[in-house]
Structures are given as C-alpha cells and as structure tokens.
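Residue numbers (full-length UniProt numbering): 1 to 370.
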C-alpha cells in the first residue's frame with residue numbers, strides 16, 4: 001500500500017493597517033512582527049502626517065496616510081488595528097467594518113454602553129468583526145486558572161481581591177484627551193482598572209451587583225483618581241475591586257480564594273507563569289498541585305498572545321477573541337461602578353438600559369465632585 005502525505009494548507013498572509021501611531025501602536029506592530037510572515041503591516045495612519053512618517057520609517061511600513069479612508073480605498077485590508085484615543089474608536093471601527101475588515105481595537109472599546117451598542121449594530125451588518133484588546137486574558141496562567149475554575153478543580157470561588165494600584169503624575173494628564181469623561185470616558189477605573197476587571201469576569205463569569213465609591217482631589221483631572229467597589233457574582237462569590245492612579249508603589253494584584261486553594265497573581269503591566277503563587281487548602285495539596293501543573297504553560301500575557309489567537313481564528317473561519325459582546329460585559333461593569341459611585345445606590349447587571357443616563361455617558365447624572 002502506498003501512502004502519501006498531503007501538504008499543509010497554506011495560511012493567508014493578512015494585510016494589516018495600524019491607525020494611530022502613539023505609544024501603544026508600537027506594541028501592536030512589535031507583536032505583529034513577532035508572528036512572522038502571517039501578517040504584513042501595509043499602512044500607518046495618523047492625523048499627524050509627520051508622526052505617521054516617523055512611525056513608518058521606524059517599522060518599515062510602506063504606506064502612510066492621515067485618514068483610514070485613504071488606505072481603505074487602496075484595496076482589501078484584513079485587519080485594522082485601532083490605537084487612537086478612546087473617543088475615536090467607534091467611528092474608525094465602523095469604517096473598517098463597512099469594508100468587511102476585522103477590527104482589533106484597544107480598550108476601552110467605546111466611551112459608553114450606547115456607543116458600544118451602536119458598534120454591535122455595525123458589526124451585525126458586516127462580514128467583519130471586532131476583537132477588543134484584552135491581553136491579560138491570554139497569558140497561560142490566567143488561561144489555566146479560568147479552566148480550573150470552570151471545571152471545579154479548585155472548588156467554588158469564595159472571595160476575590162482585584163487591585164490596580166498605579167501612579168500617574170500631574171504631567172500624565174496634560175495630554176488633551178486624558179482626564180475627561182467626554183474624551184477618555186473616565187479615569188483610572190475606565191483607563192487602568194478595566195484590564196484587571198476584564199480578567200475578573202473572564203475567570204469568575206457573570207457579575208450580578210456592584211456597590212462603589214469614587215474620589216478625586218490631588219490630580220488635575222475631571223475624572224476619578226480612585227474607585228473602590230464590591231462586586232457580587234452570579235455564583236454568589238464576592239470581589240473587592242480597587243482602582244488607583246495615586247499609589248506611589250505601583251502594583252497589580254489579583255487574589256482568588258477558592259474552596260481548595262488560594263491563587264495569587266502579582267505583577268505590574270504584564271505577567272508570566274512565575275508571577276503566580278498557589279496555596280492549597282489542607283488535605284488538597286496533591287490535587288491542587290496536579291491541577292496547576294496542567295497545560296497551558298509558558299505564555300506571558302501580551303498583545304502577541306492575543307494577536308496569535310486572532311490570526312488562528314481568522315484562518316479557521318471563527319470569530320477572533322475577545323469579541324465585542326464579551327467586551328461589553330466588562331464595560332457594563334465599569335459603567336455600574338460609576339453609577340453606583342455617583343448615585344450612592346447598588347447597581348444590578350442589566351439595569352443600565354437606554355433610559356438610564358449612565359448608558360450614554362460614564363458620568364451619567366454627573367460626578368459627585370461637580
């Protein structure tokens with residue numbers, strides 16, 4: 001009998017455009033270049049032509065433009081990476097969806113739930129889709145923890161601590177779009193803590209109710225510098241969430257206390273497997289050790305890890321992660337933190353609808369310090 005080996009299917013080389021050439025755009029291109037010949041960055045777009053040119057020269061990008069419209073008119077584009085300030089995310093994403101491109105957009109995806117729902121409508125009408133950058137979901141440690149929580153290997157979640165304690169000096173807020181609800185959508189909750197709150201939901205699943213407070217006072221900003229929230233999840237577990245832009249010793253800490261183990265993750269802006277500490281409950285040491293030794297292993301949180309999954313999804317005909325609907329769940333929690341902080345009332349999941357002022361703006365009826 002003669003056997004033959006079929007050649008592997010050739011993967012398409014994806015054509016990518018980067019819109020916005022500030023600091024985060026460099027992270028995007030660096031991550032894309034690390035994926036080899038699976039993707040080609042064909043253009044860089046920025047309203048500042050000189051900045052676009054400098055970016056293109058640094059990364060050997062062949063085309064620059066001051067509008068996405070110019071580049072889309074050149075021919076087919078597979079991926080549009082939106083790296084602009086938050087207030088422009090939705091309009092740029094809609095433009096890319098209109099030609100059937102896949103959008104990879106930085107957090108926050110929109111300034112409000114209303115804008116997010118508008119973008120969901122555009123996505124439904126398009127052959128393309130929206131993937132929201134949520135790089136901390138894609139490290140092997142969080143992926144493994146999520147799987148172990150879902151299959152019950154570590155027991156029921158009981159209480160979780162989620163701390164985003166960062167430091168931003170006055171100069172940080174001199175960038176015109178920062179520190180305003182109108183252009184940034186919020187303060188440290190929306191811009192910083194949203195990353196860890198996203199991991200919280202990825203691991204623990206749906207939230208049910210939140211009570212929160214927020215404060216401002218030492219930075220030149222219209223938004224909060226600190227927020228503190230208590231979140232109840234659908235499984236009955238509780239989480240304490242702290243977001244800060246005034247913590248001189250910066251740290252990012254997530255601690256999951258489950259029936260059979262405590263899992264702690266301590267890092268700053270990105271983590272690896274070594275940043276996790278697992279403590280088993282008495283009598284569960286062997287089972288917990290065996291569970292934590294499972295795959296995946298060895299993948300740090302990064303844009304590269306998410307972009308690899310995006311390309312794999314496109315090649316397989318699937319929806320790239322993290323889909324817009326999932327990102328909306330995280331944004332709804334952020335909106336609920338603001339509503340609770342500014343109204344003094346607990347907010348339930350699903351409560352913020354089109355009749356609620358916090359659906360159209362994160363400061364809703366107005367920040368308490370106005």
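Built from N, CA and C at the ideal position, the CB exists for glycine as well.
Thinking residue i and residue j are a contact (beta carbons under 8 Å), I'd like their distance in whole angstroms, please.
i           : j           : result
residue 404 : residue 203 : Since the first and last residues shown for the chain are 1 and 370, residue 404 lies out of range.
residue 210 : residue 337 : 6 Å
residue 153 : residue 291 : 4 Å
residue 215 : residue 231 : The pair is not a contact, with the Cβ atoms about 18 Å apart (cut-off 8 Å).
residue 19  : residue 92  : 6 Å
residue 166 : residue 247 : 6 Å
residue 334 : residue 190 : 6 Å
residue 45  : residue 17  : 6 Å
residue 161 : residue 255 : 4 Å
residue 13  : residue 41  : Not really, about 11 Å apart at Cβ, beyond 8 Å.
residue 195 : residue 243 : Between residue 243 and residue 195 the Cβ distance is about 10 Å, and since that is not below 8 Å, they are no contact.
residue 302 : residue 31  : 7 Å
Classify residue i as buried or exposed, calling it buried when 16 or more other Cβ atoms lie within 10 Å of its own Cβ.
i           : result
residue 257 : buried
residue 127 : exposed
residue 345 : exposed
residue 157 : buried
residue 64  : buried
residue 297 : exposed
residue 104 : buried
residue 235 : exposed
residue 169 : exposed
residue 150 : exposed
residue 318 : exposed
residue 316 : exposed
residue 100 : exposed
residue 269 : exposed
residue 178 : buried
residue 78  : buried
residue 164 : buried
If you run the structure through DSSP and keep just helix, strand and coil, what is residue i?
i           : result
residue 177 : coil
residue 40  : strand
residue 3   : Residue placement at residue 3 cannot be trusted, given a pLDDT of 38 that sits under 50; what the coordinates show is reported in the next sentence. Note: residue 3 maps to coil in three-state DSSP.
residue 55  : helix
residue 85  : coil
residue 276 : strand
residue 357 : helix
residue 70  : helix
residue 252 : strand
residue 219 : coil
residue 347 : strand
residue 362 : coil
residue 368 : coil
residue 21  : coil
residue 267 : strand
residue 132 : strand
residue 183 : coil
residue 104 : strand
residue 288 : helix
residue 80  : strand
residue 144 : helix
On the DSSP bridge assignment, give the partners of residue i in chain order.
i           : result
residue 15  : 40
residue 240 : 161, 230
residue 257 : 159, 262
residue 209 : 232, 348
residue 167 : 246
residue 45  : 19, 65
residue 427 : This structure leaves residue 427 out entirely; the chain is present only between 1 and 370.
residue 323 : 131
Is residue i near the ligand SAH - that is, is its Cβ less than 7 Å away from at least one heavy atom of it?
i           : result
residue 261 : Within the structure as shown, the ligand SAH is missing, as the structure has no ligands at all.
Q. Counting Cβ pairs, one atom from each stretch, are 3 or more of them under 8 Å apart for the region 305 to 315 and the region 105 to 116?
A. Inter-segment contact for the region 305 to 315 and the region 105 to 116 is absent: fewer than three beta-carbon pairs are separated by less than 8 Å.
Q | the region 215 to 226 touching the region 164 to 174, judged by at least three CB pairs closer than 8 Å | A | Touching, yes, given that three or more Cβ pairs across the two stretches are closer than 8 Å.
Q.
Does the region 276 to 294 come into contact with the region 64 to 80, if we say contact requires no fewer than three beta-carbon pairs (one atom in each stretch) closer than 8 Å?
A. A contact between stretches requires three or more CB pairs, one per stretch, nearer than 8 Å, and the region 276 to 294 fails this requirement with the region 64 to 80.
Q: Please confirm if the region 118 to 128 is in contact with the region 258 to 275, defined as three or more CB-CB distances below 8 Å between the two stretches.
A: Per the Cβ contact rule, the region 118 to 128 is not in contact with the region 258 to 275 (fewer than 3 Cβ pairs under 8 Å).
(Q) Can you confirm whether the region 352 to 360 touches the region 128 to 145 when touching is taken to mean that 3 or more C-beta pairs between the two stretches lie within less than 8 Å? (A) Cβ pair count under 8 Å is below three, so no.
Q) Using 8 Å as the Cβ pair cut-off and three pairs as the minimum, do the region 133 to 142 and the region 195 to 202 touch? A) Yes, they touch.
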